[in-house]
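Participant:
There are 2 protein chains.
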Amino acid sequence: MDVSLTATFSHQHRAIEVDGFYDGGTDYRVRFMPDTVGEWRYLTHSNVQELDGLSGTFACTPAQEGNHGPVRVHKTFHFVHDDGTPHFSFGTTCYAWNHQGDALEEQTLETLRTAPFNKLRMCVFPKHYAFSQNEPEFHAFERQEDGRFDTTRFNPAFFQHLERRIGDLRDLGIEADLILFHPYDRWGYSTMPSEVDDRYLRYLVARVAAYRNIWWSMANEYDLMAAKTMQDWDRFFQIVQTHDPYQHLRSIHNCRDFYDHGKPWVTHCSIQRPNLEDVSLWRQQYRKPVVADEVQYEGNIQHNWGNITAEELTHRFWEGCARGGYVGHGETYMHPEDILWWSKGGILHGESPARIAFLREVMEAGPAIDPYQTYWDLTQAGDDNYRLIYLGRHRPVVKAVTLPADKQYTVEIIDTWAMTITPLEGTFSGPCQIPLPGKPYLAVRIRLSLD
Amino acid sequence: MDVSLTATFSHQHRAIEVDGFYDGGTDYRVRFMPDTVGEWRYLTHSNVQELDGLSGTFACTPAQEGNHGPVRVHKTFHFVHDDGTPHFSFGTTCYAWNHQGDALEEQTLETLRTAPFNKLRMCVFPKHYAFSQNEPEFHAFERQEDGRFDTTRFNPAFFQHLERRIGDLRDLGIEADLILFHPYDRWGYSTMPSEVDDRYLRYLVARVAAYRNIWWSMANEYDLMAAKTMQDWDRFFQIVQTHDPYQHLRSIHNCRDFYDHGKPWVTHCSIQRPNLEDVSLWRQQYRKPVVADEVQYEGNIQHNWGNITAEELTHRFWEGCARGGYVGHGETYMHPEDILWWSKGGILHGESPARIAFLREVMEAGPAIDPYQTYWDLTQAGDDNYRLIYLGRHRPVVKAVTLPADKQYTVEIIDTWAMTITPLEGTFSGPCQIPLPGKPYLAVRIRLSLD
């Protein structure tokens, strides 16, 4: 707490201030993520002579293959990586996977390697909750002699482990949707004094902001944290916004009541609700990307947020995506050792991930889409060149669609559960009647014919 | 139009003014529905000498078996008949069944005889819409020489036929939810001048208010009637409220936007929406009974309001009922002669009516229920003596329930689709874990043990 350390990184006439941090022993570090190829200079500033005035240069080379940079908001409601690569968010949830010890954590990574997810919701702090009672290996603070946390001294090992796991996700192409606070706690992390909260935030930002795959989530279920006020949440956003040199995405996740995602420091909505039909309303309300990242999980536990079928979760993914939103996965099947994916990771048992992979392929094969004449009764997105209609629980035997009369279109029937795409014969134009097999959970994809 | 006719009906010191009406030829009539056993007197008032000052007495005898009187609002959110018999509303929809000619109309009545419905939504005026293009036998007005309607002269035959069908429903124990205006029109009924609208309402009320099974629905999809303003709708309610001596139930049915059911002349909500989870919100918002009488129909036509499965409609019935609301049925299967139940009646083809019959038995075996600790994530109604939990799309393998510790309860698992009720062994008390088969669309009924 007595040492201040920052560094200025400069490229030509541009200079960026970055906070440093203490990393154990006699180590102090400053991390930086350059965004421009070329020569950069640095110069440190500290109240400690040995850390002050250190300078040097380094070369920023072109990004390696697979490195598309951080994710940004794009066209109001969507995402792209910094290099312009579209990012269709398909997240999952493993709240405390990084507090399970190396064996299980590595199994989780192995599972993620072939899973369809490119974002993962995870907590900085360990989690105390049903199915999640184990003591973590690391804690964020050093202990006092009486065994209590000394909240003036961060434990570098805790953060080094966190960073290792964030890096592991990065290497798999997965965004770390990092949850900064949450209510499920027996250690005191959810009830720290404000000055400790704020110091923690600055320390964490200094440590991990340079990871390109960071998304900041101020909280999981912020509204269940009785010790925090709305002013606290606003201040947390402001601290992160002020100290993150890279302006990673920022949001906050609700239980009962939404945070006002219209506030200027919120980059996108992070929503817990099962009614994906309302994605189009939330888009209108907040004018930001809508990530419905908790829509209830595939599973069979007693809590209603964790016992829907794979069919139902697949349905909610399609409903949200075909209204111009993004949806998140989780899995909560009863397990003899309480290893539920949503909390601890491990392996996936469910049937929805294969369907989510299929949906992701469909979405990534098209443009980012906005609702098109959407209504509570019609789930449809796209434009005059590309249209995706999701029929959900409806099962018409025919669907009337009016296409521009001066162009020709191909039409495909997508079975979202069977994961089949069936092209209809010929091309379509103007007002047309699309024959359908009269079963639920179909989608219709209409694309400009390239012939 | 030149003849005024009213009558005063009196019982002891109570007097009720009732409007009379012209019924063709030289017939003028006054209809009256007494609500009290005993001797009643009447005295007519008219600007025509032959109709003025006519008087007499008659005896009102006790109601015949099966006659429970009109339906009233009960305990804010529910319904009872005037004699105190509970009324659990299970409606269906046959908008234009009464404009199909006797053969089909009688087939509809025959179907209704064994169907589970005790309310039917029907239009006074004929309907012009998809699957409903036929010319009706009767029109509400006499024709001028040029073939156009003479809106100063009602056609008694039209109304006599309507009354006959209302009486047929009454004899089957079915409430006639009579739709006074609707937008689907090629004859001009939806665009009449205000004075014709108002005269029609007074004439209709004078004719049919004495039928005990009348519910007034100002409109189907009022918000699609471009020629009417909100002031018109308010005035229509006021006219009906002013002239109906019996104060039958009054509501109005929306398409896109709800009418403000909080207005004082609205007795209950009549709602078109598929999201039955919101029944509990609408109850809170309006503090009136919620009748979700259009929740999309079992069928396979191209319109999304008419192509959900029997399973899905059954689910919506349970969701609404277990949140303290009432739900309506409709059926729209493609038919070679365009005889779709929702518009023309005929016979039922679907699989939901059997399940609605089963649900009705369940509901009628218990008390009228209000939400109990309900949340968007929990569908539950009842109190300390009776509880109905509907699990819907959820499929937990166990459900934690906390019951009063000083009483014993029986627990039954209800399969809403298979229509089975399976009692669990023994009795339950205090905090308990209810084992479940882990499949969707189950309900749990918990009742105070009578042992």
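Here the protein sequences come in this chain order: A and B.
FYI, in this note's numbering the residues of the first sequence are 3 to 453.
FYI, in this note's numbering the residues of the second sequence are 3 to 453.
Virtual Cβ for every residue (Gly too), placed ideally from N, Cα, C.
Treat the numbers as computed from the prediction; the structure is a model and nothing was measured.
#1: Which stretch, first to last residue, makes up the alpha helix (DSSP H) that contains residue 110 of chain A?
#2: Do you know offhand how far residue 291 of chain A's Cα is from residue 80 of chain A's?
#3: Which runs of the alpha helix (DSSP H) fall wholly inside the segment 306-381 of chain A and span at least 4 residues, in chain order?
#4: If the criterion is Cβ atoms closer than 8 Å, does the pair residue 315 of chain A and residue 253 of chain A meet it?
#5: Consider the Cβ of residue 343 of chain B: report whether some Cβ of chain E lies at a distance smaller than 8 Å.
#6: Under the assumption that residue 308 of chain B contacts residue 96 of chain B (Cβ atoms under 8 Å), give the Cβ distance between them as a whole number of angstroms.
#7: Kindly indicate which residue of B:50, B:85, B:46, B:47 has the alpha-carbon position closest to the one of residue 65 of chain B.
#8: Which parts of the segment 178-221 of chain B are runs of the alpha helix (DSSP H), unbroken and 4 residues or longer, counting only runs that do not cross its ends?
#9: Indicate whether at least one CB of chain A lies closer than 8 Å to the CB of residue 440 of chain B.
#10: Using a Cβ-Cβ distance under 8 Å, would residue 396 of chain B count as near chain A?
#11: Within 8 Å of any Cβ in chain A, is that where the Cβ of residue 311 of chain B sits?
#12: Using the C-alpha atoms, what's the distance from residue 181 of chain B back to residue 126 of chain B?
#13: Nearest to residue 72 of chain A by alpha carbon, out of A:144, A:217, A:243, A:197?
#14: Restricting to Cα atoms, I'd like to know which of A:426, A:384, A:375, A:408 is closest to residue 400 of chain A.
#15: Return the bridge partner residues of residue 88 of chain A from the DSSP annotation.
#16: Would you mind telling me which residues of chain A sit closer than 9 Å to residue 303 of chain B, beta carbon to beta carbon, in chain order?
#17: Let's test the definition: count the other Cβ atoms within 10 Å of the Cβ of residue 19 of chain A and tell me whether it reaches 16, buried, or not, exposed.
#18: Got a sec, what are the start and stop residues for the alpha helix (DSSP H) residue 496 of chain B sits in?
#19: Would you kindly work out how many angstroms separate the C-alpha atoms of residue 453 of chain A and residue 187 of chain B, rounded to a whole number?
#20: Just confirm the distance between the C-beta atoms of residue 98 of chain A and residue 134 of chain A, as a whole number of angstroms; I'd bet it's less than 8 Å.
#21: Roughly how many angstroms lie between the CA atoms of residue 351 of chain B and residue 112 of chain A, to the nearest whole one?
#22: Let me know if residue 40 of chain B comes out buried or exposed under the rule of 16 or more other beta-carbons within 10 Å of its beta-carbon.
#23: Looking at the unbroken alpha helix (DSSP H) that takes in residue 163 of chain A, where does it start and where does it end?
#24: Give the straight-line distance between the Cα atoms of residue 129 of chain A and residue 263 of chain B, rounded to the nearest whole angstrom.
#25: Measure the CB-CB distance between residue 160 of chain B and residue 141 of chain B and report whether it falls below 8 Å.
#26: Out of A:397, A:410, A:150, state which residue places its alpha-carbon closest to the alpha-carbon of residue 386 of chain A.
#27: Comparing C-alpha positions only, which one of B:91, B:380, B:36, B:278 sits nearest to residue 317 of chain B?
#28: Only counting the same chain, and skipping five residues up and downstream in sequence, which positions put a Cβ closer than 6 Å to that of residue 404 of chain B?
#29: Please confirm if residue 314 of chain A has its CB atom under 8 Å from at least one CB of chain B.
#30: Looking at the structure shown, is residue 399 of chain A part of a helix, part of a strand, or coil, going by DSSP?
#31: How is the beta strand (DSSP E) around residue 413 of chain B delimited, first residue to last?
#32: Quick one: does residue 306 of chain A have its CB under 8 Å from some CB of chain B?
#33: Under a Cβ-count criterion, where at least 16 other Cβ atoms within 10 Å of its own Cβ denotes burial, should residue 265 of chain B be classed as buried or exposed?
#34: Drop a sphere of 10 angstroms on the beta-carbon of residue 311 of chain B, count the other beta-carbons inside from all chains shown, and report buried for 16 or more, exposed for fewer.
#35: Cα separation between residue 70 of chain B and residue 83 of chain B?
#36: Within its chain, find whatever has a CB closer than 8 Å to the CB of residue 109 of chain B; leave out the 5 residues flanking it on each side and keep chain order.
Facilitator: The answer reads as follows:
#1: For the purposes of this step, residue 110 of chain A is taken as residue 108 along the first sequence, with counting starting at 1. In the DSSP annotation of this structure, the continuous segment of the alpha helix (DSSP H) that includes residue 110 of chain A starts and ends at 104-116.
#2: Numbered from 1 along the first sequence, position 289 holds the residue referred to as residue 291 of chain A. Numbered from 1 along the first sequence, position 78 holds the residue referred to as residue 80 of chain A. Here the C-alpha atom of residue 291 of chain A lies approximately 5 Å from the C-alpha atom of residue 80 of chain A.
#3: Runs of the alpha helix (DSSP H) inside the segment 306-381 of chain A: 312-323, 343-346, 354-366.
#4: Against the first sequence, residue 315 of chain A aligns to sequence position 313. Against the first sequence, residue 253 of chain A aligns to sequence position 251. No, the Cβ-Cβ distance between residue 315 of chain A and residue 253 of chain A is not below 8 Å.
#5: Going by chain labels, chain E is absent from the structure shown, which instead holds the protein chains A and B.
#6: Residue numbering aside, residue 308 of chain B sits at position 306 when the second sequence is read from its first letter. Residue numbering aside, residue 96 of chain B sits at position 94 when the second sequence is read from its first letter. For a cut-off of 8 Å, the C-beta gap from residue 308 of chain B to residue 96 of chain B is around 14 Å, too long to register as a contact.
#7: Mapped onto the second sequence, residue 65 of chain B falls at position 63. Relative to the Cα of residue 65 of chain B, the nearest Cα in the group B:50, B:85, B:46, B:47 belongs to B:85.
#8: Complete alpha helix (DSSP H) runs here, min 4: 196-210.
#9: In the second sequence, counting from the first residue as 1, residue 440 of chain B sits at position 438. Yes - at least one Cβ of chain A is within 8 Å of the one on residue 440 of chain B.
#10: For the purposes of this step, residue 396 of chain B is identified with residue 394 of the second sequence, where counting begins at 1. True, the Cβ-Cβ gap to chain A drops below 8 Å.
#11: Counting from one through the second sequence, the residue named residue 311 of chain B turns up at place 309. It does; some Cβ of chain A falls within 8 Å.
#12: What you label residue 126 of chain B is simply residue 124 of the second sequence in a count that begins at 1. What you label residue 181 of chain B is simply residue 179 of the second sequence in a count that begins at 1. Each residue's alpha carbon lies about 6 Å from the other.
#13: By one-based count along the first sequence, residue 72 of chain A stands at place 70. Distance check between residue 72 of chain A and each of A:144, A:217, A:243, A:197 places A:217 closest, using alpha-carbon atoms only.
#14: If you number the first sequence from 1, residue 400 of chain A lands on position 398. It is A:426.
#15: Working through the first sequence from its first residue, we reach residue 88 of chain A at position 86. DSSP, once it has assigned bridges, lists A:82 as partnering residue 88 of chain A.
#16: Taking the second sequence and counting its residues from 1, one reaches residue 303 of chain B at position 301. For residue 303 of chain B, the C-beta contacts it makes with chain A under 9 Å involve 398, 399, 400, in order along the chain.
#17: Along the first sequence, read from residue 1 onward, the residue named residue 19 of chain A stands at position 17. By the neighbour-count criterion, in which a residue is buried when 16 or more other Cβ atoms sit within 10 angstroms of its Cβ, residue 19 of chain A is exposed.
#18: Any answer about residue 496 of chain B is impossible in this case: the structure gives chain B only from 3 up to 453.
#19: Translated into the one-based positions of the first sequence, residue 453 of chain A becomes position 451. Translated into the one-based positions of the second sequence, residue 187 of chain B becomes position 185. Across the structure, residue 453 of chain A and residue 187 of chain B are spaced so that their CA atoms are roughly 44 Å apart.
#20: In the first sequence, residue 98 of chain A corresponds to position 96, counting from 1. In the first sequence, residue 134 of chain A corresponds to position 132, counting from 1. Between residue 134 of chain A and residue 98 of chain A the Cβ distance is about 6 Å, and since that is below 8 Å, they are a contact.
#21: The count along the second sequence starts at 1 and reaches residue 351 of chain B at position 349. The count along the first sequence starts at 1 and reaches residue 112 of chain A at position 110. Their Cα atoms are separated by approximately 51 Å.
#22: As a first step, residue 40 of chain B is located in the second sequence; it is residue number 38 there, counting from the start. Label assigned to residue 40 of chain B: exposed.
#23: Within the first sequence, numbered from 1, the residue matching residue 163 of chain A stands at position 161. Boundaries of the alpha helix (DSSP H) around residue 163 of chain A: 158-173.
#24: Residue 129 of chain A sits at position 127 when you count from the first residue of the first sequence. Residue 263 of chain B sits at position 261 when you count from the first residue of the second sequence. Computed Cα separation, rounded: 45 Å.
#25: Numbered from 1 along the second sequence, position 158 holds the residue referred to as residue 160 of chain B. Numbered from 1 along the second sequence, position 139 holds the residue referred to as residue 141 of chain B. Result yes, Cβ atoms of residue 160 of chain B and residue 141 of chain B sit closer than 8 Å.
#26: Stepping through the first sequence from its first residue, residue 386 of chain A is reached at position 384. It is A:410 whose Cα lies nearest to the Cα of residue 386 of chain A.
#27: The residue given as residue 317 of chain B occupies position 315 in the second sequence. Residue B:278 is the option with its Cα nearest to residue 317 of chain B.
#28: For the purposes of this step, residue 404 of chain B is taken as residue 402 along the second sequence, with counting starting at 1. Once the five neighbours on either side are set aside, the close Cβ partners of residue 404 of chain B are 433.
#29: Within the first sequence, numbered from 1, the residue matching residue 314 of chain A stands at position 312. Residue-level contact by beta carbon holds for residue 314 of chain A and chain B, with a gap shorter than 8 Å.
#30: Along the first sequence, read from residue 1 onward, the residue named residue 399 of chain A stands at position 397. Under the three-state reduction of DSSP, residue 399 of chain A is assigned to coil, being neither helix nor strand.
#31: Looking up residue 413 of chain B in the second sequence gives position 411. Where residue 413 of chain B is concerned, the enclosing beta strand (DSSP E) stretches over 411-417.
#32: On the first sequence, position 304 is the one that residue 306 of chain A refers to. Look at residue 306 of chain A: its C-beta is under 8 Å from a C-beta on chain B.
#33: Working through the second sequence from its first residue, we reach residue 265 of chain B at position 263. Taking every protein chain shown into account, the CB of residue 265 of chain B has fewer than 16 other CB atoms within 10 angstroms, so this residue is exposed.
#34: Numbered from 1 along the second sequence, position 309 holds the residue referred to as residue 311 of chain B. Residue 311 of chain B should be labelled buried.
#35: For the purposes of this step, residue 70 of chain B is taken as the residue at position 68 of the second sequence. For the purposes of this step, residue 83 of chain B is taken as the residue at position 81 of the second sequence. Taking C-alpha positions only, residue 70 of chain B is separated from residue 83 of chain B by approximately 6 Å.
#36: The residue given as residue 109 of chain B occupies position 107 in the second sequence. So the list reads 347, 348, 349, once near-sequence residues are dropped.
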